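A.B. asks: Protein chains in written order, with the UniProt record's numbering: chain V, 1 to 326; chain E, 1 to 326. No residue lacks a Cβ here, since even glycine has one placed at the ideal position from N, Cα and C. Just so it is clear, the structure is predicted and the values come from calculations on it, not from any experiment.
1) Taking Cβ to Cβ, would you say residue 151 of chain V is nearer than 8 Å to residue 251 of chain V?
2) When you compare each of E:324, E:127 and E:18 to residue 186 of chain E by their alpha carbons, which one comes out closest?
3) Nearest by alpha-carbon distance to residue 156 of chain V: which of V:178, V:267, V:209 and V:302 is it?
4) For a test of the three-state rule: what should DSSP assign to residue 184 of chain E, helix, strand or coil?
5) Evaluate residue 210 of chain E with the Cβ neighbour count: other Cβ atoms within 10 Å of its Cβ, from every protein chain shown; 16 or more gives buried, anything less gives exposed.
6) Would you kindly check if the distance between the Cβ of residue 241 of chain E and the Cβ of residue 147 of chain E is under 8 Å?
7) How would you list, in chain order, the residues of chain E whose beta-carbon sits under 9 Å from the beta-carbon of residue 159 of chain V?
8) Based on the DSSP secondary-structure assignment, which residues constitute the bridge partners of residue 150 of chain V?
9) Which of helix, strand or coil does DSSP assign to residue 38 of chain V?
10) What separation, rounded to the nearest whole angstrom, lies between the Cα atoms of residue 180 of chain V and residue 83 of chain E?
11) Any idea what DSSP makes of residue 323 of chain V, helix, strand or coil?
12) With three or more C-beta pairs closer than 8 Å as the rule, is the segment 135-143 of chain E touching the segment 100-111 of chain E?
13) For the candidate residues E:121, E:216, E:130 and E:29, whose alpha-carbon lies nearest to that of residue 45 of chain E?
14) Closer than 7 Å to a non-hydrogen atom of the ligand NAD - does that hold for the CB of residue 296 of chain E?
15) Identify whether residue 217 of chain E lies in helix, strand or coil by the three-state DSSP scheme.
16) Please state whether DSSP places residue 68 of chain E in a helix, a strand or coil.
17) Relative to the C-alpha of residue 192 of chain V, which residue among V:164, V:162, V:145 and V:159 is closest?
18) Would you decide whether residue 190 of chain E is buried or exposed? Buried here means 16 or more other CB atoms lie within 10 Å of its CB.
19) Going by C-alpha to C-alpha distance, which of V:319, V:296, V:270 and V:282 sits closest to residue 8 of chain V?
20) On the DSSP bridge assignment, give the partners of residue 99 of chain V in chain order.
21) Quick one: complete alpha helix (DSSP H) runs, 4+ long, within the segment 253-317 of chain V?
22) With DSSP run on the structure shown, which of helix, strand or coil describes residue 117 of chain E?
23) Counting only beta-carbon separations shorter than 8 Å, does residue 189 of chain E have a partner in chain V?
24) With DSSP as the reference, identify every bridge partner of residue 159 of chain E, one or two as the case may be.
25) Using C-beta distances below 7 Å, list every residue in its chain close to residue 298 of chain V, excluding the 5 sequence neighbours before and after it, in chain order.
26) Distance, Cα to Cα, residue 184 of chain E vs residue 116 of chain E?
27) May I ask you to report which of helix, strand or coil DSSP gives residue 139 of chain E?
28) Can you tell me whether residue 173 of chain V is helix, strand or coil according to DSSP?
29) At a Cβ cut of 8 Å, what residues of the segment 308-323 of chain E count as close to chain V, listed as they run along the chain?
30) Among E:41, E:77, E:67 and E:177, which residue has its Cα nearest to the Cα of residue 85 of chain E?
31) Measure the C-alpha to C-alpha separation of residue 355 of chain V and residue 218 of chain V and round it to an integer number of angstroms.
32) Where does the unbroken alpha helix (DSSP H) through residue 14 of chain E begin, and where does it stop?
33) Should residue 258 of chain E and residue 239 of chain E be called a contact, given that it needs their Cβ atoms to be closer than 8 Å?
34) With a cut-off of 8 Å, does the C-beta of residue 283 of chain V fall near any C-beta of chain E?
35) Under 8 Å, Cβ to Cβ, is there at least one residue of chain V near residue 28 of chain E?
36) Taking the beta strand (DSSP E) that residue 129 of chain E belongs to, which residues open and close that run?
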């Protein structure tokens, strides 16, 4: 029996940052851009806020509050109702509830009752409207999260706290995750989201996280949802994950992350070799693999001499997203 | 007297990563792409290796070994001579010497006698040809370098070793630089280039650098040369800088970088506040400012709560370059 080929780091990035690049394949990129409808609002007509599949655009064309134009270039879906955040948000909520009612959209079956912000262009980072979390991939808007890697030990002797997702989770059951990871709901700062998730998912007390967690950049990618994400495939999900490190080597000695809800089965302390093996065998949730690769790049566990795809990997970990950002 | 407005971190990135983005301004980007000639070789006709200004393309159209087509889309400049690295390199050398002879190209007055590699597409990272370092911006090909930041002290108490460039340097005289920085000539690995430059520029012994220097990713940007770079303005310079950290806090206690050639006037140990002030006043060489911002992001001295442009900054530090990469 031959063992299956291990995934390379670039393979893992391709699985998560799966939307084509204009320069890598101009034709494939154009096909994609001609397929999707651009999400707009009347006060910012030159700004695309997200990309929608034709099936979603068709549904919206039958709902009030929306105008769909498939003769323009690009094709557009415009939210016509609302002149400020709260009236736009109310219209979007009504829409999402109506879409959920039809039962046509599997992603809405995991209704979260949690709002995600959609930002406008310009330095003010105005929230144009909020949208139910489970609906955000239907509209292809950027979503934001936090991911933290807790570790102990130095250099190549480092050991990383890796949780395994519960086998009963609807998305990516039993796959490996980052020590702490979660979405940032509207109105919460990244660091406050991190404090909340650290307690909820890993029982890490806020005073510890406040003292030892260090922001270390963000990872951005453009995911085309596949079957493992649950719900419709082909939906567009540009994402930004703020990344943090939690070095438990000295001050955090003896700290052990433990599950505090039913999302995580348990935590394991893995050496670098074991982490690499799990990455190669595809045992990590795709976006968690990407955050782990970023961790290894930043800490020098990957370098150009060993990794031929180094420069492309480092760029792809930080994709420039073509939408206003928070 | 009012003090001049300080540059923001995004201003500093805009100065270095100055080539437009397709999504930020499609029109400006198209204008740029229609202005430039795409550098090609016959064995890889769909691969653009660099962008050339019309003035350079005009000169090449009068030289043997080149074919210039300004009726195609995009306009192209093709190296017609050579079937392998050495014969192509010889043709490019002959061309560069002829261009230097005319005296028309100011950048060639700083002839370096040092070769830079131009890579082909695909995982093999084949060197298609080598080119004289000073000529690489005339052909708009990607160049590679190493930048290392040496520092001591922890958290916000960190102090960074910052050199000031010699006042007699032709490019960016008297501006601040990174502790160690230099180009990677053809055939040298990034880490070996770092060892060499560390000794040459900062008198840091190789055993120290081998023990303490840590790779921490790379910074990629697309620079349109301005007057401060010397020579012609408007030339295109996509660059990749491999970045390293040198933490002198414990094992490196007492180590003091000192000039070893005439490129650097001296080194100063600066606190974070001082570094920020110098960045804001434009006292750093543009690409060194970008490497310093990357350092501050990776170490958590910049975060989303304090820096509104955080996500754009982190993406822009890692631009996806539209050429084959080394």
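C.D. replies: Reading it off the structure:
1) Counting from 1 along the first chain, the entry for residue 151 of chain V is found at position 151. Counting from 1 along the first chain, the entry for residue 251 of chain V is found at position 251. Contact flag unset, no.
2) The residue labelled residue 186 of chain E in the question sits at position 186 within the second chain. When only C-alpha atoms are compared, the closest one is E:127.
3) Indexing the first chain from 1 puts residue 156 of chain V at position 156. The shortest C-alpha separation from residue 156 of chain V is found at V:302.
4) Locating residue 184 of chain E in the second chain gives position 184, where the first residue counts as 1. Reduced to three states, the DSSP call for residue 184 of chain E is coil.
5) Locating residue 210 of chain E in the second chain gives position 210, counting from the first residue. Residue 210 of chain E should be labelled exposed.
6) As a working note, residue 147 of chain E is residue 147 in the second chain. As a working note, residue 241 of chain E is residue 241 in the second chain. Result yes, Cβ atoms of residue 147 of chain E and residue 241 of chain E sit closer than 8 Å.
7) Sequence index remark: in the first chain, residue 159 of chain V carries index 159 (1-based). Residues of chain E passing the Cβ test: none, with the nearest at roughly 18 Å.
8) The residue given as residue 150 of chain V occupies position 150 in the first chain. V:246, per the DSSP bridge assignment.
9) Translated into the one-based positions of the first chain, residue 38 of chain V becomes position 38. DSSP places residue 38 of chain V in strand when its eight states are reduced to three.
10) The residue you call residue 180 of chain V lines up with position 180 of the first chain. The residue you call residue 83 of chain E lines up with position 83 of the second chain. Using only the alpha carbons, I get a separation of about 53 Å.
11) Along the first chain, one-based indexing puts residue 323 of chain V at 323. DSSP places residue 323 of chain V in coil when its eight states are reduced to three.
12) yes
13) Mapped onto the second chain, residue 45 of chain E falls at position 45. Here the closest residue by C-alpha is E:121.
14) The model depicted lacks the ligand NAD and carries no ligand whatsoever.
15) Locating residue 217 of chain E in the second chain gives position 217, counting from the first residue. Strand.
16) Translated into positions along the second chain, residue 68 of chain E becomes position 68. Residue 68 of chain E: strand per DSSP, three-state reduction.
17) Here residue 192 of chain V refers to the residue found at position 192 when the first chain is read from its first residue. Nearest of V:164, V:162, V:145 and V:159 to residue 192 of chain V, Cα basis: V:145.
18) To locate residue 190 of chain E, count along the second chain from 1; it is residue 190. Buried: at least 16 other Cβ atoms inside 10 Å.
19) Within the first chain, numbered from 1, the residue matching residue 8 of chain V stands at position 8. If we check each option's Cα against that of residue 8 of chain V, V:282 comes out closest.
20) Counting from one through the first chain, the residue named residue 99 of chain V turns up at place 99. BP columns for residue 99 of chain V are empty, so no partner.
21) 272-280, 286-298 and 310-316
22) Along the second chain, one-based indexing puts residue 117 of chain E at 117. Correct three-state label for residue 117 of chain E: strand.
23) Along the second chain, one-based indexing puts residue 189 of chain E at 189. So yes, residue 189 of chain E belongs to the interface.
24) Position 159 of the second chain, counting from 1, holds the residue named residue 159 of chain E. DSSP lists E:152 and E:271 as partners of residue 159 of chain E.
25) The residue given as residue 298 of chain V occupies position 298 in the first chain. Result list for residue 298 of chain V: 216, in chain order.
26) Within the second chain, residue 184 of chain E is the residue found at index 184, counting from 1. Within the second chain, residue 116 of chain E is the residue found at index 116, counting from 1. Those two C-alpha atoms are separated by around 7 Å.
27) Numbered from its first residue, the second chain carries residue 139 of chain E at position 139. Residue 139 of chain E falls in the helix class under three-state DSSP.
28) Working through the first chain from its first residue, we reach residue 173 of chain V at position 173. Coil.
29) 308, 309, 310, 311, 312, 314, 315, 316, 317, 318, 319, 320, 321 and 322
30) For this step, residue 85 of chain E is matched to residue 85 along the second chain. The residue with the shortest Cα to Cα distance from residue 85 of chain E is E:41.
31) Residue 355 of chain V is absent from the model: chain V starts at 1 and stops at 326.
32) Along the second chain, one-based indexing puts residue 14 of chain E at 14. Start and end: 9-16.
33) Numbered from its first residue, the second chain carries residue 258 of chain E at position 258. Numbered from its first residue, the second chain carries residue 239 of chain E at position 239. Not closer than 8 Å, so no.
34) For this step, residue 283 of chain V is matched to residue 283 along the first chain. Chain E contact via Cβ: absent.
35) Taking the second chain and counting its residues from 1, the one referred to as residue 28 of chain E is at position 28. It does not; no Cβ of chain V falls within 8 Å.
36) Position 129 of the second chain holds residue 129 of chain E. Counting along the chain, the beta strand (DSSP E) containing residue 129 of chain E begins and ends at 127-132.
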